[in-house]
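Some notes on the structure that comes next.
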Amino acid sequence: MKDLTLQLIDQVCQAYQQRTPLMIQGNNSKAFAGRTPHKNKAKDNVSTLSTAAHTGIISYQPVELVMTARAGTTLAELRAALDEHQQILAFEAPDFDGQATIAGTLATNLSGPARPWTGSVRDMVLGTRLINGTGEYLRFGGQVMKNVAGYDVSRMQAGALGTLGVITEISFKVLPRPEYSTGLTLELPASEAIVLMNQLAGQANPITGACWYRDQLHIRLSGAARAVDKTVTSWSQKYGFQQATQDNFWQQLQHQQLPVFTETGALWRFSVNSTADDLAPAVHQTGIEVSDSLIDWCGSQRWLRTPETLAEQQNTQLQSLQRLAENARGSVTLWQGGDRSQEINQTLNPVLERLHKNVKQAMDPAGILNPGRLYSWM
Amino acid sequence: MSQSGKPDRQTLARLFSEFIDPEYVIADEETQKPYECDGLSMYCEMPLIVVLPETLKQVQQVMKICHQYQIPVVARGAGTGLCAGAMPHKEGVVLSLAKFNQILDIDPLARTARLQPGVRNLAISEAAAEYGLYYGPDPSSQIACTIGGNIAENSGGVHCLKYGLTVHNALSVEMITVEGERVILGSEGLDSAGLDLMALITGSEGLLGVVTEITVRLLPVPEKAQVVMAGFHTVQAAGDAVGAVIAAGIIPAGLEMMDTHAIHAAEAFANAGYPLDAEALLLCELDGTTEEVDQYIERVEQFFLQQGASSVQVSGSEAERAAMWKGRKSAFPAVGRISPDYYCMDGTIPRSQLARVLTEMQKMSAEYGLRVANVFHAGDGNLHPLILFDANVPGEFEKTEAFGGRILELCVEVGGCITGEHGVGMEKIRQMSAQFNEQEIAQFHRLKQAFDPAGTLNPGKGIPVLKHCQEYRSLPSSDTSVMPLTHHHSAGDHS
Ligand SMILES: Cc1cc2nc3c(=O)[nH]c(=O)nc-3n(C[C@H](O)[C@H](O)[C@H](O)COP(=O)(O)OP(=O)(O)OC[C@H]3O[C@@H](n4cnc5c(N)ncnc54)[C@H](O)[C@@H]3O)c2cc1C
Chain B
8 MKDLTLQLID QVCQAYQQRT PLMIQGNNSK AFAGRTPHKN KAKDNVSTLS TAAHTGIISY
68 QPVELVMTAR AGTTLAELRA ALDEHQQILA FEAPDFDGQA TIAGTLATNL SGPARPWTGS
128 VRDMVLGTRL INGTGEYLRF GGQVMKNVAG YDVSRMQAGA LGTLGVITEI SFKVLPRPEY
188 STGLTLELPA SEAIVLMNQL AGQANPITGA CWYRDQLHIR LSGAARAVDK TVTSWSQKYG
248 FQQATQDNFW QQLQHQQLPV FTETGALWRF SVNSTADDLA PAVHQTGIEV SDSLIDWCGS
308 QRWLRTPETL AEQQNTQLQS LQRLAENARG SVTLWQGGDR SQEINQTLNP VLERLHKNVK
368 QAMDPAGILN PGRLYSWM
Chain D
704 MSQSGKPDRQ TLARLFSEFI DPEYVIADEE TQKPYECDGL SMYCEMPLIV VLPETLKQVQ
764 QVMKICHQYQ IPVVARGAGT GLCAGAMPHK EGVVLSLAKF NQILDIDPLA RTARLQPGVR
824 NLAISEAAAE YGLYYGPDPS SQIACTIGGN IAENSGGVHC LKYGLTVHNA LSVEMITVEG
884 ERVILGSEGL DSAGLDLMAL ITGSEGLLGV VTEITVRLLP VPEKAQVVMA GFHTVQAAGD
944 AVGAVIAAGI IPAGLEMMDT HAIHAAEAFA NAGYPLDAEA LLLCELDGTT EEVDQYIERV
1004 EQFFLQQGAS SVQVSGSEAE RAAMWKGRKS AFPAVGRISP DYYCMDGTIP RSQLARVLTE
1064 MQKMSAEYGL RVANVFHAGD GNLHPLILFD ANVPGEFEKT EAFGGRILEL CVEVGGCITG
1124 EHGVGMEKIR QMSAQFNEQE IAQFHRLKQA FDPAGTLNPG KGIPVLKHCQ EYRSLPSSDT
1184 SVMPLTHHHS AGDHS
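Protein chains in written order, with the working numbering: chain B, 8 to 385; chain D, 704 to 1198.
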């Protein structure tokens, strides 16, 4: 439990005065996320700003379903506190060996399998305290469920990779642990699985996970025991599902421990319309070999493993995958691997790019907070 | 043209009429009258022109012309807003999206709906019903309010505790920038490339752009929904009962509280069978599969009895459930009948502070000599005190506003905020500084500038202008004073 707010503010103020970039990190469990803009940190005068020691749960009121914690607090610590009251972080973000921090999780907007049903970390954020790029210490949102005063600067931090502010404190909504959970599996090709998972999600049943991996459709049910049991029986009869016995598939999926996440090569993440057809064959057709793929979030999130990209081909590959993503009404990111000094995120159209630059300018006029981590130009 | 180089009313009307049916370019006072205010009719202003475009191109052209001459633009949905957010600017254009009322597409498999901004909130669920789907956020104004207005206000409803606010249910919007350019924010995925500008736009009160299309997520209609209605002798006991339900791991679909004034008004209006001897009433709806609802409804009943409920009743049929909700959903107009006028506040508080806030409020009520009725989204801590007053009594509205302002400051004091769902608009601009310091407000201004450098989108609303901040450009001759001046009209009916 340590409050390092003043030190953190000092460091940002100094960097602002000297116009030197800061690389913000917690426990650095997600070093892979985003671009690696600096080949030579010393030359670029980059210093690290660490929130790792800025830790501790500031308040937790189980009956209010609200928790507030400092940036560097690990998800593991939060879960331990929640556990005592049978509550959970419903966004199920990956733990990365116990190292993942709450601020890092928000900055990368990482959420697990329940995301389509109970929401993302972005959805759960109620308020933040943050230091903007001029060293001002600001508070947005609050510790209550509803707050529409001012712009939602807190939620905007989700996925911004620290480019808009140093998050020092987060308040978020927590939920009760479901009374009972169980898994179902069914062998099915990807494109049929996509249709079925979407059909199941359209029925009013206690579904909290729908994932396809290596020819198996996995469904997770959680909630009131009687309701889950009834759904298990009815879906087993109707579709031929098997009840999963004793497996840790959902754990491994949540913590990104399944082979698709740990193999070598490049890992692409597509965020698309949940009903878009299987992307693997289409990616193949562009001449990129797909060695493994996983469909999560009831079809909305697709992970594709390909061989390591060659630096000179990376941009062409990104462009062709972007076309596929756009056809699927979504976007693509080169999640892991590749040359991370190049662009790794979907190209934005000129109007959107201008708005991004303006928002960055508004929050960090000197461009000192994680410059280049999201896009080379901001 | 006027001397300032800005087109005057007639010139502007002519310019618009070149590409919009002149019938929908409204420049005369009589036809403009219905647009002078939103649901908060104490605040009103006549605009320069009201325009009702029918196509995207027309919207873009209106925006381009206004941008060229730096004319303020106030977007307008159904005008049910309760913060004077859609109140016109006297030198500006009211851009009504009323003609954009088409449901463009419902995709039952993906469970999404693509909508024009003028589609009414309830119409979405009505259209989705044939697929067993509905749209989650259900403001009490849902028969009238539009999805465009919902996006602008990040509206909530009685089912938000479980199903979230607008921001949790909107996937993407098409927006026209102040310059008249078209841009798409969000995607049909659950997140999108780059910054989460959807988070910024939702709840931005028409200050950052004009929303011209929205894609929302739809949810499967639960198999069963049932309400437990319970009366309590004290507000504290009702509050504790809410805590007991949540602590037991049950998330009700809706969890609403009303105090004795609201109970009496609603009962007289809706004949819902509310217990008139209770100091506080709880409506707790559970939904899901039949098994889930049956399992939890029993437990909720138990909790309420354990917490000393004076009466407990479970809805036995859909008709009974609808009747129980009807009282709550018509609470505002119902209160409107027991008083010449009422003024609806919208603070949010940590639930544990409820008893303290209500006690303080009773003290203030005595001090100001004004009655106050309370309806409360108890699950998520959003309090709607309704201050009863008579606008025909000189000075009473001013007193009401002062009382209201103190309630909001009290909400901030106990760890809450000045608005849970109605927005800041023109109305709560003074209380913004109770919740945010100058640096935070300056940060909001810089974000506003990122989208609207000249400040012509809904000027004077949402974010107060800092007194000594010269760097923030204000409109040449507009009312961007710290305390905006407003005329006070008869308060009338809010719905
Ligand atoms: C009886 C009653 C009950 C209510 N109950 C609730 C409730 O339970 N929950 C709740 O949250 N609210 C409630 N409200 C408030 C109101 O209905 C909501 O704020 C609603 O979202 C406003 O929608 P509208 O279409 O009427 O918008 P308007 O009032 O027309 O506009 C509201 C704001 O949105 C902006 N705007 C409108 N359309 C666009 C667009 N296309 N692009 C950009 N900006 C736009 C306007 O400029 C304005 O600032 C209630 C109101 C009444 C009268």
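Note that beta-carbon positions come from the ideal geometry of N, C-alpha and C, so glycine has one too.
From D:LEU836, D:LEU818 and D:ALA981, residue whose alpha carbon lies closest to that of D:PHE935: One-based indexing of the second sequence puts residue 935 of chain D at position 232. When each option's Cα is compared against that of D:PHE935, the closest is D:ALA981.
Beta-carbon neighbours of D:CYS1120, restricted to chain B and to distances below 7 Å: Residue 1120 of chain D sits at position 417 when you count from the first residue of the second sequence. Neighbours of D:CYS1120 in chain B, taken as residues whose beta carbon is under 7 Å from its own, are GLY149, VAL151, ASN154 and ALA156 in chain order.
Using a Cβ-Cβ cut-off of less than 7 Å, give me the residues of the stretch 163 to 176 of chain B that come near chain D, in sequence order. Taking 7 Å as the Cβ-Cβ cut-off, the stretch 163 to 176 of chain B approaches chain D at MET163, ALA165, GLY166 and ALA167, given in chain order.
Of all the CB atoms in chain B, is at least one closer than 8 Å to the CB of D:PRO840? The sequence position of residue 840 of chain D within the second sequence is 137, counting from 1. D:PRO840 does not count as touching chain B.
Answer yes or no: the CB of D:GLU1130 versus the heavy atoms of ligand 1, is any distance below 7 Å? Here residue 1130 of chain D is taken as the residue at index 427 of the second sequence, counted from 1. Exclusion of D:GLU1130 from the 7 Å shell around ligand 1 follows from its C-beta lying no nearer than that to any non-hydrogen atom of the ligand.
Go to B:LEU89, then tell me how far its alpha helix (DSSP H) extends in each direction, as first and last residue. Taking the first residue of the first sequence as position 1, residue 89 of chain B is located at position 82. Unbroken alpha helix (DSSP H) run through B:LEU89: 82 to 90.
Under 8 Å between C-beta atoms of B:LEU182 and B:GLN261: Numbered from 1 along the first sequence, position 175 holds the residue referred to as residue 182 of chain B. Numbered from 1 along the first sequence, position 254 holds the residue referred to as residue 261 of chain B. No; because the gap between Cβ atoms is not below 8 Å, this pair is not in contact.
Does the CB of B:ASP159 have a neighbour CB from chain D at under 8 Å? As a working mapping, residue 159 of chain B is identified with position 152 in the first sequence. Yes, contact with chain D.
Which of the residues in the stretch 194 to 227 of chain B, read from start to end, lie with their CB under 8 Å from any CB of chain D? Taking 8 Å as the Cβ-Cβ cut-off against chain D, the residues of the stretch 194 to 227 of chain B that qualify are VAL202, ASN205, GLN206, ALA208, GLY209, GLN210, ALA211, ASN212 and PRO213.
How many angstroms separate the CA atom of D:THR1122 from the CA atom of B:GLU315? Here residue 1122 of chain D refers to the residue found at position 419 of the second sequence. Here residue 315 of chain B refers to the residue found at position 308 of the first sequence. It is roughly 50 Å from the alpha-carbon of D:THR1122 to the alpha-carbon of B:GLU315.
Taking 7 Å as the cut-off, is the CB of D:ASN1161 close to at least one heavy atom of ligand 1? Position 458 of the second sequence, counted from the start, is the residue given in the question as residue 1161 of chain D. Because some heavy atom of ligand 1 lies under 7 Å away, the Cβ of D:ASN1161 counts as near it: yes.
Can at least three beta-carbon pairs, one atom from the stretch 344 to 361 of chain B and one from the stretch 1140 to 1152 of chain D, be found at a separation below 8 Å? Touching, no.
Just to confirm, does D:ALA1037 get its C-beta within under 7 Å of one of the non-hydrogen atoms of ligand 1? Translated into positions along the second sequence, residue 1037 of chain D becomes position 334. No, ligand 1 has no heavy atom inside 7 Å of this Cβ.
Name the chain B residues that come within less than 9 Å of D:GLY1108, Cβ to Cβ? On the second sequence, residue 1108 of chain D is found 405 positions in, with the first residue counted as 1. Neighbours of D:GLY1108 across chain B, judged by C-beta separation under 9 Å, do not exist; the nearest C-beta is about 14 Å away.
Just to check my reading of the structure: D:TYR838 and D:LEU921 have Cβ atoms closer than 8 Å, yes? What is that Cβ distance to the nearest angstrom? On the second sequence, residue 838 of chain D is found 135 positions in, with the first residue counted as 1. On the second sequence, residue 921 of chain D is found 218 positions in, with the first residue counted as 1. Right, their Cβ atoms sit about 6 Å apart.
Keeping to the same chain, check which residues put their C-beta closer than 6 Å to that of D:TYR1175; ignore five residues upstream and five downstream. Within the second sequence, residue 1175 of chain D is the residue found at index 472, counting from 1. Bear in mind that the predicted position of D:TYR1175 carries a pLDDT of just 43, short of 50, making it unreliable; the figure below should be weighed with that in mind. Cβ within range, chain order: HIS1148.
Can you name, in chain order, every residue of its own chain whose Cβ lies under 6 Å from the Cβ of D:ASP841, other than the five neighbours on each side? For the purposes of this step, residue 841 of chain D is taken as residue 138 along the second sequence, with counting starting at 1. Around D:ASP841: GLY860 and HIS862.
What would DSSP say about B:GLN258, mapped onto helix, strand or coil? The residue you call residue 258 of chain B lines up with position 251 of the first sequence. DSSP places B:GLN258 in helix when its eight states are reduced to three.
Name, going along the chain, the residues of the stretch 364 to 381 of chain B whose beta-carbon falls closer than 9 Å to a beta-carbon of chain D. Within the stretch 364 to 381 of chain B, the residues whose Cβ lies closer than 9 Å to some Cβ of chain D are LYS364, ASN365, VAL366, LYS367, GLN368, ALA369, MET370, PRO372 and LEU381, listed in chain order.
Taking 8 Å as the CB-CB limit, is B:GLY119 close to chain D? Numbered from its first residue, the first sequence carries residue 119 of chain B at position 112. Answer no: the Cβ-Cβ gap between B:GLY119 and chain D never drops below 8 Å.
Taking 8 Å as the CB-CB limit, is D:VAL1127 close to chain B? Within the second sequence, residue 1127 of chain D is the residue found at index 424, counting from 1. By this cut-off, D:VAL1127 is an interface position.
Do D:ALA1153 and B:THR369 come within 8 Å of each other at the CB atom, strictly closer than that value? Counting from 1 along the first sequence, the entry for residue 369 of chain B is found at position 362. Counting from 1 along the second sequence, the entry for residue 1153 of chain D is found at position 450. According to the sequence displayed, residue 369 of chain B carries Ala and not Thr. Inclusion of B:ALA369 and D:ALA1153 in the CB contact set at 8 Å is warranted, their separation being smaller than that value.
Taking three-plus beta-carbon pairs below 8 Å as touching, is the stretch 126 to 141 of chain B in contact with the stretch 1104 to 1113 of chain D? No: fewer than three Cβ pairs fall under 8 Å.
B:HIS363: CB within 7 Å of a non-hydrogen atom of ligand 1: Counted from its first residue, the first sequence places residue 363 of chain B at position 356. Not under cutoff, so the answer is no.
Out of curiosity, what's the CA-to-CA distance linking B:THR27 and B:VAL53? In the first sequence, the residue the question calls residue 27 of chain B occupies position 20. In the first sequence, the residue the question calls residue 53 of chain B occupies position 46. Distance between the alpha carbons of B:THR27 and B:VAL53: 6 Å.
Determine, using beta carbons only, whether D:TYR837 comes closer than 8 Å to chain B. The residue labelled residue 837 of chain D in the question sits at position 134 within the second sequence. Interface residue (Cβ-Cβ distance to chain B less than 8 Å): D:TYR837 is not classified as such.
Bridge partner(s) assigned by DSSP for D:GLU877: Against the second sequence, residue 877 of chain D aligns to sequence position 174. In the DSSP assignment, D:GLU877 is bridged to D:ILE887 and D:GLU916.
So what does DSSP say about B:LEU72, is it helix, strand or coil? Here residue 72 of chain B is taken as the residue at index 65 of the first sequence, counted from 1. Note: B:LEU72 maps to coil in three-state DSSP.
Buried or exposed (CB count within 10 angstroms, at least 16 for buried), D:HIS687: Within the shown structure, residues of chain D are numbered from 704 to 1198, placing residue 687 of chain D beyond reach of any answer.
Outcome for B:ARG221 when other beta-carbon atoms lying within 10 angstroms are tallied against a minimum of 16: Mapped onto the first sequence, residue 221 of chain B falls at position 214. Classification for B:ARG221: exposed.
Measuring only from the beta carbon, is D:ASN853 closer than 7 Å to any heavy atom that is part of ligand 1? Here residue 853 of chain D is taken as the residue at index 150 of the second sequence, counted from 1. D:ASN853 Cβ: within cutoff of ligand 1.
Listed in chain order, which residues of the stretch 257 to 279 of chain B have Cβ atoms closer than 9 Å to some Cβ of chain D? Answer set for the stretch 257 to 279 of chain B: PHE277, SER278 and VAL279.
In chain order, what residues of the same chain lie with their CB nearer than 6 Å to the CB of B:TYR187, ignoring the 5 residues before and after it? Here residue 187 of chain B is taken as the residue at index 180 of the first sequence, counted from 1. ALA232 and VAL235.
Going by DSSP in three states, D:LYS961 sits in which element: helix, strand or coil? Stepping through the second sequence from its first residue, residue 961 of chain D is reached at position 258. Residue 961 of chain D is actually Met in this sequence, not Lys. D:MET961 sits in a strand when the DSSP states are folded into three classes.
On the CB-based measure, 16 or more other CB atoms within 10 Å of its CB, does B:THR269 come out buried or exposed? Here residue 269 of chain B corresponds to residue number 262 of the first sequence, with the count starting at 1. Around the CB of B:THR269, fewer than 16 other CB atoms lie within 10 Å, so the residue is classed as exposed.
Distance between beta carbons of B:ALA165 and D:ALA902, contact taken as under 8 Å: As a working note, residue 902 of chain D is residue 199 in the second sequence. As a working note, residue 165 of chain B is residue 158 in the first sequence. D:ALA902 to B:ALA165, Cβ: 7 Å. Contact.
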